Amino acid sequence: MAKERKETGKSGKSAGSDRPKGSARATPVPAGKPPAAKPSKQNTQRFYGSLGLVALVGAVFIAYQMNRPKAGPTTIDPNTPLPKAEGYVVGNPAAPVQVIEFADFECPACANFVTITEPDVRKRLVETGQISLRFIDFPLPIHRNTWEASNAAACANEQGKFWEMHDAIFANQDRWSGVTTTRPKPELQRLAKEVGLDEGKWEDCYDEKKYNLNIVANQKEGERRLVSQTPTFIIGSKMLPGSLSYDTFKAYVDTALAAVKPAADSAQPASK
Amino acid sequence: MTKRMLLALLAMAGVAIAAYLTLYKTGAIGELACTVGSCETVNTSKWSMLAGMPVAAWGLAYYVLLLAVALAGVQERWSESLAVSRALLVLTVWGVLFSGWLTYLELFVIHAICVWCVTSAVLVTVMCVVSAIEYREQVAVHR
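Keeping their order, the protein sequence lines are chains X and L. The first sequence runs 102 to 373 under the numbering used here. The second sequence runs 928 to 1070 under the numbering used here.
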């Protein structure tokens, strides 16, 4: 350090001016060691020019980014309705009990319900007209690919095949979920083909994220109803978190049906 | 052109990148020019702040310091100073370690890549290599 200070203390002199007296201009290093290259005046000028150029390019780029023209106004139909949280219904929409399911396509408990309980629910309760089942997306932030799956299902709905796609997505959850892949599209596309969708149309819709706002609306509906986990079922006046066995599901449906019947009976004489 | 001049040029480019990201973080720039990766995800994540200041602002201070040291080293009175070479090496090694940590966060924690941050990491790595070579040369001269 002392040597360094000695070097720097002699301002205005050349870098070699801290050499011992009497050895002016002599090389300070032992023979065979090259002295540090010193830039010529022309080199120094070129350097400062380049430095200024880099600074200028940076400044111009930043100035352009700060004053970049914003997108101009566009014309839209002022009557365009905001998407509603409608979800997807199977069964008679006017069935006496209308069950709502909030579910996440990537949630294992939801897949469990779809593969084990739901076939019985659809056959014995939906097809007999006792209930309708409304599926509402509730994508959870912990699931990486769930939005892609909701998007894939919404695009299948456009072609009238939501439930076919819904079943295929849940049945193949392990093949496209965020645990398996960061790119779920090829697998979802394969499922779209499998359920007989027009692939080109489906892909355009999927890439465009055409129904993203509908999915957002569905999710917000779940938040509004304080849904905290998936699946969550609303059967009559009960909100039931977690997957259900068929017997439990049926018991809640029966209770809801029983509550609906007296109300319908008492309403009948009044209408006469 | 000497290696210190090259270091100063690279540091100036670093100043421009860090200033750009700092201005974005302070709201002076609406959106980032980011054709590759997810710059906004990275620059709005909780990892974009450090000790109450944007990481980009720390980067700006770092590159300004590096530029100042490199420019001092270009001046005739310090052109053979080993202390300047040492300072440049320490600063750039520190920069590589810090950039390595940020890149790790991008890849494994945030799961998004910011092309400006990657450019900065590449810059600082090149500067580290250049300053290591320059330091070796200076040590040889002073031996």
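Here a beta-carbon is modelled for each residue, glycine too, at the ideal position from N, C-alpha and C. Everything numeric in this text was worked out from a predicted model, so none of it was measured.
(request) Could you check which residue in A255/X, N144/X and A250/X has the C-alpha nearest to that of N273/X? (result) The residue given as residue 273/X occupies position 172 in the first sequence. Checked all of A255/X, N144/X and A250/X; the closest Cα to N273/X is A250/X.
(message) Going by DSSP in three states, C1041/L sits in which element: helix, strand or coil?
(response) By 1-based counting over the second sequence, the position of residue 1041/L is 114. C1041/L falls in the strand class under three-state DSSP.
(request) Ignore the nearest five residues each way along the sequence and tell me which others in K286/X's own chain have a CB closer than 8 Å to its CB. (result) Mapped onto the first sequence, residue 286/X falls at position 185. These residues qualify, in order along the chain: E249 and Y307.
(message) I'd like to confirm the pairing. Which residues does DSSP put opposite Y312/X in its beta bridges?
(response) Taking the first sequence and counting its residues from 1, one reaches residue 312/X at position 211. Partner(s): none; Y312/X has no beta bridge.
(request) Assess, as a yes-or-no matter, whether the segment 262 to 278 of chain X is touched by the segment 214 to 226 of chain X under the definition of 3 or more beta carbon pairs within less than 8 Å. (result) yes
(message) Assuming contact is defined by CB atoms lying nearer than 8 Å, are A995/L and T949/L in contact in what I supplied?
(response) Position 68 of the second sequence, counting from 1, holds the residue named residue 995/L. Position 22 of the second sequence, counting from 1, holds the residue named residue 949/L. In this structure, T949/L does not lie closer than 8 Å to A995/L by Cβ.
(request) Could you spell out where the alpha helix (DSSP H) holding S251/X opens and where it closes? (result) Taking the first residue of the first sequence as position 1, residue 251/X is located at position 150. From DSSP, the alpha helix (DSSP H) with S251/X extends over T247 to E259.
(message) Closest to Y189/X by C-alpha separation, out of I237/X, T181/X and L157/X, would be which residue?
(response) For the purposes of this step, residue 189/X is taken as the residue at position 88 of the first sequence. Checking every option, the nearest Cα to that of Y189/X belongs to I237/X.
(message) Assuming contact is defined by CB atoms lying nearer than 8 Å, are S1058/L and T1019/L in contact in what I supplied?
(response) Your numbering for residue 1058/L matches position 131 in the second sequence. Your numbering for residue 1019/L matches position 92 in the second sequence. Their beta carbons are under 8 Å apart, which means S1058/L touches T1019/L by this criterion.
(message) Rounded to the nearest angstrom, what separates K142/X and R169/X at their Cα positions?
(response) What you label residue 142/X is simply residue 41 of the first sequence in a count that begins at 1. What you label residue 169/X is simply residue 68 of the first sequence in a count that begins at 1. Cα to Cα, K142/X sits roughly 40 Å from R169/X.
(message) Tell me which residues share the same chain as S124/X and place their Cβ nearer than 6 Å to its Cβ, disregarding the 5 neighbours each side in the sequence.
(response) One-based indexing of the first sequence puts residue 124/X at position 23. In this prediction, S124/X scores a pLDDT of 40, lower than 50, which makes its location untrustworthy; no coordinate-derived value is stated.
(message) Ignoring anything shorter than 3 residues, give me the beta strand (DSSP E) runs that lie fully in the segment 180 to 221 of chain X, in order along the chain.
(response) 189 to 191 and 198 to 204
(message) Taking its Cβ as the centre, do 16 or more other Cβ atoms sit within 10 Å of A212/X, making it buried, or is it exposed?
(response) Counted from its first residue, the first sequence places residue 212/X at position 111. Buried, since its Cβ has 16 or more Cβ neighbours within 10 Å.
(request) Please report how far the alpha carbon of A210/X lies from the alpha carbon of A254/X, in whole angstroms. (result) In the first sequence, counting from the first residue as 1, residue 210/X sits at position 109. In the first sequence, counting from the first residue as 1, residue 254/X sits at position 153. Distance between the alpha carbons of A210/X and A254/X is about 18 Å.
(message) I need the DSSP call for F350/X, collapsed to helix, strand or coil.
(response) Translated into the one-based positions of the first sequence, residue 350/X becomes position 249. Looking at F350/X - three-state DSSP - the assignment turns out to be helix.
(request) Give me the Cβ distance between V198/X and L358/X, rounded to the nearest whole Å; I'm assuming they're in contact under 8 Å. (result) Mapped onto the first sequence, residue 198/X falls at position 97. Mapped onto the first sequence, residue 358/X falls at position 257. Going by Cβ atoms, the distance from V198/X to L358/X rounds to 6 Å, so yes, they are a contact pair.
(request) Taking S1029/L as part of the alpha helix (DSSP H), name the residues at either end of that continuous run. (result) Taking the second sequence and counting its residues from 1, one reaches residue 1029/L at position 102. For the record, residue 1029/L in the displayed sequence is Leu; it is not Ser. L1009 to Y1031 is the extent of the alpha helix (DSSP H) around L1029/L.
(request) Measure from the C-beta of V942/L to each C-beta in chain X and report whether the shortest distance is under 8 Å. (result) Taking the second sequence and counting its residues from 1, one reaches residue 942/L at position 15. So yes, V942/L belongs to the interface.
(request) Would you kindly work out how many angstroms separate the C-alpha atoms of C1055/L and S151/X, rounded to a whole number? (result) Stepping through the second sequence from its first residue, residue 1055/L is reached at position 128. Stepping through the first sequence from its first residue, residue 151/X is reached at position 50. So the alpha carbons of these two residues sit roughly 20 Å apart.
(message) To the nearest angstrom, how far is the alpha carbon of M980/L from that of Y990/L?
(response) Position 53 of the second sequence holds residue 980/L. Position 63 of the second sequence holds residue 990/L. So the alpha carbons of these two residues sit roughly 16 Å apart.
(request) Using the Cα positions of Q166/X and A955/L, report the straight-line distance between them to the nearest angstrom. (result) By one-based count along the first sequence, residue 166/X stands at place 65. By one-based count along the second sequence, residue 955/L stands at place 28. Taking the straight line from one Cα to the other gives about 9 Å.
(request) Tell whether a beta-carbon distance below 8 Å holds between A186/X and K339/X. (result) Counted from its first residue, the first sequence places residue 186/X at position 85. Counted from its first residue, the first sequence places residue 339/X at position 238. Cβ distance not < 8 Å, so A186/X and K339/X don't count as in contact.
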